[in-house]
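Below: the structure, in C-alpha cells.
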Amino acid sequence: MGDFYIIQEIVMSLFKRIIVSCVVLLVSASCGAVEKDISKVDPVAMKRWQDMRFGMFIHWGPVSLTGHEIGWSRGNQTPIATYDQLYKQFNPTRFDADQWVRIAKETGMKYIILTTKHHDGFCLWDTKQTEYNIMNSPFGRDVVKELAAACKKQGIAFGTYYSTCDWHHPDFPRTSPGGQVSREKHNLDRYTGYLKAQVRELLVNYGPLITLWYDVPQEFNAQRGQGVIDFTRSLQRDIIINNRTGARGDFDTPEQKIGGFNRDRPWETCMTICQQWAWRPKDQMKSAQQCIQTLLQTAGGDGNLLFNVGPMPDGRIEPRQVERLKEMGDWLKKYGHAIYGTRGGPFKPGYWGASTCNEDKIYLFVMNWPKTGPLKVPILPMKVTKAALKPQGDVKMKRTEQAIELYVPQEKRNPIATVIELTVAGKAFDIPPVNFAPERKSAASGKQAKASNTFGNSEQYAPAKAFDQDPETRWATDAGTKAAWLEVDLGKEMTIGQAMIDEAWDRVHRFELQYKVDSQWKRAHAGTTLGAKKEFAFDPVTARYFKLNILEAVEGPTIWEMQLYEEK
Ligand code: FHN
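Residue numbering for the sequence shown is 608 to 1175, as defined by the numbering used here.
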C-alpha cells in the first residue's frame, strides 16, 4: 500500500504541474504574472488572519474517554494496545458542530482549529489512507466535514491541526511512549507520501482552510518540512502555515506562554483554558482575569491567541468552560474594537498592562496601577490630543516634561483591565514601539542557582534556565513532583522588594518567596497560583540567598523565568 502513495503523489504532482503551467501561461498572458513563489505566504491572507486576533483550538479524539492527554498518554497512562482500540468505544452522540461554532462566536473567536490527526494517528475525517478513523467508530460521522460546514454556515474561518509526527503509523521512525522509541523498520519517504495524501484530502475535501497547523516535526528536517509547506501551498495558495513542519513557516507558535513583542514576524500563542490539551475531568481552569489578560497581553505584543478547549467524550464542551469563554465574549462585546484589526503597541506589554493601536487611536489596557499617583505614560513623538475612558468617562490628562499623567479614580478602574483610548495627531502605528517603563534588570539574572529537583537531571531544564533571561528556556521538574524549591545566590546581600515569576503551565497551587538570614529561611511573600508572568511586590528584604518554595503543585512545576528587582 505504501508505494501506492508515492505513485499517487507522482501522478498527481505531474498532473497538477501541467494544470498549473497552463493556468500560469493563461493568467500571465492576460493580466500580469501570478505569484510563482509558493514558499511565500500571501500577504493579504496573512493580514486577514492577524486581524482576527483570536481563535479556538480544539483537541479531541477517542482519548477523551480516558481523561488523559492526547497522544502523550499512549504507552504511558494507557497501554498502547488499549489506546489504539479506544475508537471502537467512541460514540460522542452529543457532538453538535453548530453548537461548538456558536460557542466560539459568542466568545468572540474568529477561527477554529481542530486536531484532525494528533500524534496518536487517529483521524477525525473520512480518510481513504487508513482505516484508523472516525468512520470506523460507533459514531461513524465525519467530524471534520460537519465542523467545516458549521463554520462556513456561521461565517467563521476553519483550519486543521495535523500532527507532523505519527506514533501510530508503521512507517514513522518513532513511536510511543512520547515518540521516544525508535521503530526498527520505518520508511520516512513513504510516510511523507501518506502525510501529503491526507493533507490533500483535508484541503480538497474540506477547504479552503485558514491554516494548516502542523505540529512536532521530530524526524522532519527543514528541507522535508519546506517540501510539506510548498506542497500544502500548491493546493491552496492563500493558506497560512505555522513553524512546525521542520521548516520556518509563516508564523511562530509560542506555547503555553505569551510571545514577546514582535511586529516583524507574525506569531500566535497557543494556550489551554485548563491544564491539559485534551479533556480531563475537574482539570484546573484559568480565571476570567487570566483568560482576558492573556488575550490583551498577546494582542498587545502584536500576536494572535489560539485558546484551547478539550471537549468531553460525549461531544460537549464542558459547561463551566463555556461559561468562562462567555465571560471573554462579554468583554469583547464591549472592547473588541480595541483588539480586532489592531496592531500591538506602541507601548510594549508589561506588568502595567498592554496597548494596541489602529488609525489615530491607542488603546491602553491598564492592569496594574502605580501604588500611588497617576499612570505615567512615556512622552510620544506624536501629540496626544485626547484621553477617554472606555466604554465611557473622562480621564484627567496632564502633560509634564517627563510623562503624560493619566488620572482615573479608583472606582472607575477595572480589576481585569481599565481601557483608556488615546487619540493622537497621526497614524498611531507609525509611533516607534517604546517600553512603558524603563526596563528593569533582575538582580538574579545569570546568578548561581540550584533546586530540589530537575527534570531527568537534564541540563536542558537546569535551575539556571530560570535566570538566563531567555524566554525559550525553563527550569523543569520530574513528572509527578508536587513540591519543589528553586534557590538563587545573588552573590552578595541585596535589598529586594519586587519579583516576577513566569510559570509554564499553571501547576503551582501554593508557594512562598523566601530569603535567608543567619541560615534561617524567612518568608518575604506567600501566594497561591503563579501563571504567566506573575508579578508581586512585598516589603523589601535584604539577603544574598532567595528561594521560590513551591509548597503545593498538581504536577511537576516548571518556570520560564524568575526575576528579583532591587529596591533603589
Ligand atoms: O505535543 C503537542 C501537544 O499535545 C499539543 O498538541 C501542543 C499544541 O500546540 N503541541 C504539542 C506540544 O508542543
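Here a beta-carbon is modelled for each residue, glycine too, at the ideal position from N, C-alpha and C.
Cβ-heavy atom distance, residue i to the ligand FHN, below 6 Å
i            : result
residue 877  : yes
residue 934  : no
residue 857  : no
residue 788  : no
residue 1015 : no
residue 884  : yes
residue 822  : yes
residue 1142 : no
residue 862  : yes
Close-in-space but distant-in-sequence residues of the same chain around residue i (CB under 8 Å, 5 per side omitted)
i            : result
residue 1167 : 864, 1073, 1078, 1080, 1081, 1109, 1110 and 1111
residue 763  : 708, 711, 712, 716, 717, 718 and 719
residue 975  : 958, 959, 960 and 1142
residue 1019 : 996, 1000 and 1025
residue 761  : 705, 708, 709 and 712
residue 872  : 858 and 859
Residue i, enclosing alpha helix (DSSP H) - first and last residue
i           : result
residue 898 : 895 to 907
residue 936 : 926 to 942
residue 838 : 829 to 842
residue 758 : 750 to 761
residue 799 : 795 to 813
residue 650 : 650 to 659
residue 690 : 687 to 690
Beta-carbon proximity list for residue i, same chain, < 6 Å, skipping 5 on both sides
i            : result
residue 755  : 765 and 813
residue 1162 : 1114
residue 1101 : 1050 and 1173
residue 971  : 962 and 1027
residue 639  : Residue placement at residue 639 cannot be trusted, given a pLDDT of 37 that sits under 50; the coordinates are not used to answer.
residue 660  : 906, 911, 946 and 947
residue 1038 : 953, 987 and 989
residue 838  : 803
residue 1105 : 1144 and 1172
Close beta carbons around residue i, own chain, < 7 Å, minus the five adjacent residues each side
i            : result
residue 1129 : 1121 and 1122
residue 807  : 842
residue 1209 : What is shown of the chain runs 608 to 1175, which leaves residue 1209 out entirely.
residue 1157 : 1090, 1091, 1092, 1115, 1118 and 1164
residue 637  : In this prediction, residue 637 has a pLDDT of 40, which is less than 50 and means its spatial position is unreliable; what the coordinates show is noted afterwards. Same-chain partners within the cutoff: there are none.
residue 969  : 953, 962, 1029, 1031 and 1035
residue 609  : Its pLDDT being 49, under 50, residue 609 is placed unreliably in this model, and the value from its coordinates should be taken loosely. Here the set comprises 778, 794 and 797.
residue 998  : 941
residue 574  : Only positions 608 to 1175 of the chain appear in the structure, and residue 574 is not among them; the question remains open.
residue 742  : 733 and 749
Where the beta strand (DSSP E) containing residue i begins and where it ends
i            : result
residue 1177 : With the chain represented from 608 up to 1175, any question about residue 1177 goes unanswered, as that position is not in the structure.
residue 1127 : 1127 to 1134
residue 710  : That residue, residue 710, is in no beta strand (DSSP E); its alpha helix (DSSP H) goes 704 to 713.
residue 990  : Taken as a continuous stretch (DSSP letters only), residue 990 belongs to no beta strand (DSSP E), as it is neither H nor E.
residue 964  : 960 to 965
residue 739  : No beta strand (DSSP E) contains residue 739, which DSSP labels as neither H nor E.
residue 869  : Residue 869 -> no beta strand (DSSP E), and no H or E assigned at all.
residue 1058 : 1055 to 1058
residue 1154 : 1141 to 1160
residue 1029 : 1025 to 1031
residue 1116 : 1115 to 1124
residue 823  : Here residue 823 belongs to no beta strand (DSSP E), and DSSP marks it neither H nor E.
residue 721  : 718 to 724
residue 697  : Residue 697 -> no beta strand (DSSP E), and no H or E assigned at all.
residue 1096 : 1091 to 1110
is_contact[residue i, chain B] using C-beta, thresh 7 Å
i            : result
residue 1169 : Annotation note: the requested chain B is absent from the structure, which comprises a single protein chain.
Beta-carbon separation (whole angstroms), residue i vs residue j, contact threshold 8 Å
i            : j            : result
residue 948  : residue 658  : 4 Å
residue 967  : residue 1033 : 7 Å
residue 881  : residue 891  : 6 Å
residue 724  : residue 769  : 5 Å
residue 1010 : residue 666  : The pair is not a contact, with the Cβ atoms about 45 Å apart (cut-off 8 Å).
Would the region 738 to 754 count as touching the region 790 to 805 if we require 3 or more Cβ pairs under 8 Å? No contact exists between the region 738 to 754 and the region 790 to 805.
Evaluate the contact criterion for the region 1004 to 1016 versus the region 985 to 996: three or more CB pairs, one atom per stretch, below 8 Å. Under the Cβ criterion (8 Å, minimum of three pairs), the region 1004 to 1016 counts as touching the region 985 to 996.
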